[in-house]
Structure formats: structure tokens, C-alpha cells
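Everything on this sheet refers to the single structure shown next.
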Amino acid sequence: LDDSLDGIYSLVGQAHLKAGRGLEALDAYREAVRRQPGSPDALMELAWVLATVEGMKARSKGEAVELAAKANELTGDRHPTVLDTLAAAYAAGERYDEAVTTARRALDAAEAAIAPAIEAEDFAAAMTAMAGLRATAMD
Numbered sequence: 251l252d253d254s255l256d257g258i259y260s261l262v263g264q265a266h267l268k269a270g271r272g273l274e275a276l277d278a279y280r281e282a283v284r285r286q287p288g289s290p291d292a293l294m295e296l297a298w299v300l301a302t303v304e305g306m307k308a309r310s311k312g313e314a315v316e317l318a319a320k321a322n323e324l325t326g327d328r329h330p331t332v333l334d335t336l337a338a339a340y341a342a343g344e345r346y347d348e349a350v351t352t353a354r355r356a357l358d359a360a361e362a363a364i365a366p367a368i369e370a371e372d373f374a375a376a377m378t379a380m381a382g383l384r385a386t387a388m389d
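Numbering of the sequence shown is given in our numbering, commencing with residue 251 and proceeding in unit increments.
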């Protein structure tokens, strides 16, 4: 199989997960990580399944934290979705204090990620309002 198609395993995992086939999703995500061990997305997706899908949580607590922590390291400890996955993995492993702290960091990272867009929207709204005022003044 061509290496450029390695990401297909994550897509297959997503499809299985949406269809409620957790074990098949797990297999696909494991293959994605095997083929792309340095992919934060693949690591995060596998960690999420291990931490959140019933029947897998009990036997995969440590592995979920390990995978999510590696994804977090690869993304510089600032990606909201990765931090959210790490928080879920901590919670699945009954490491609740770390889960809460990490979930708060995920929220902070999400706010920081969207702040420029919010500011840009506010700026655009201000410019639109100013243009409206100018148009009214010229009438």
C-alpha cells in the first residue's frame, strides 16, 4: 500500500466508531498509529477510543494516557482537542485532579485559538457599522 494512503486508517476508524463498532475502530486506529507513529492525530484518535469507548476503558487506562501525552508533546502542549483527549484519558484512569487541570488548559487553549477570529469578526462588524454611518451621513 502506498504510504500516502496511511491516513485512510484513521478515516476507517472514524467510520467504525460512528457506526458503533468500537473494536473495529480500535483496530483501524492501531493500524493508523503503527503506520504513522509520529502523527498527533492518529495518537489522539486511538487515545480517545481507549479512554471513552465502553468496554475499552478498564483495560486501556495507561495506554490512553501514554498516547494522549505523546500527542500533546508533539503539539507543544497547546492544542485544545489534544488536551481534551488527555483530560479524558486521565479521567478514564481515575486521575481526576490531572483530568480537571488538563480540561481547564484545553478550554484556555480553545479560547486562545478562537480569540483572533472573534476579534476579526468584531472588527468587521465595527467597519460595517462605520460604513453604515458614513452612508447615512452622505444621504
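A virtual CB, placed ideally from N, CA and C, is assigned to each residue, including glycine.
Within 10 angstroms of its Cβ, does residue i collect 16 or more other Cβ (buried), or is it exposed?
| i | result |
| --- | --- |
| Ala-265 | exposed |
| Asp-334 | buried |
| Ala-363 | exposed |
Determine whether the beta carbon atoms of residue i and residue j lie at a separation below 8 Å.
| i | j | result |
| --- | --- | --- |
| Leu-317 | Ala-349 | no |
| Tyr-279 | Gly-305 | no |
| Tyr-259 | Ala-275 | no |
| Leu-261 | Val-299 | no |
Nearest-angstrom Cα distance between residue i and residue j?
| i | j | result |
| --- | --- | --- |
| Tyr-340 | Thr-325 | 18 Å |
| Asp-256 | Ala-356 | 28 Å |
| Asn-322 | Asp-291 | 10 Å |
Closest to residue i by CA distance: which of the options is it?
| i | options | result |
| --- | --- | --- |
| Glu-313 | Ala-301, Asn-322, Gly-305 | Ala-301 |
| Met-294 | Glu-304, Ile-258, His-329, Met-306 | His-329 |
Since residue i contacts residue j with CB under 8 Å, what's their CB separation in whole angstroms?
| i | j | result |
| --- | --- | --- |
| Asp-343 | Lys-311 | According to the sequence provided, residue 343 is Gly. The question's Asp does not apply to it. Between Lys-311 and Gly-343 the Cβ distance is about 4 Å, and since that is below 8 Å, they are a contact. |
| Ala-337 | Ala-353 | 4 Å |
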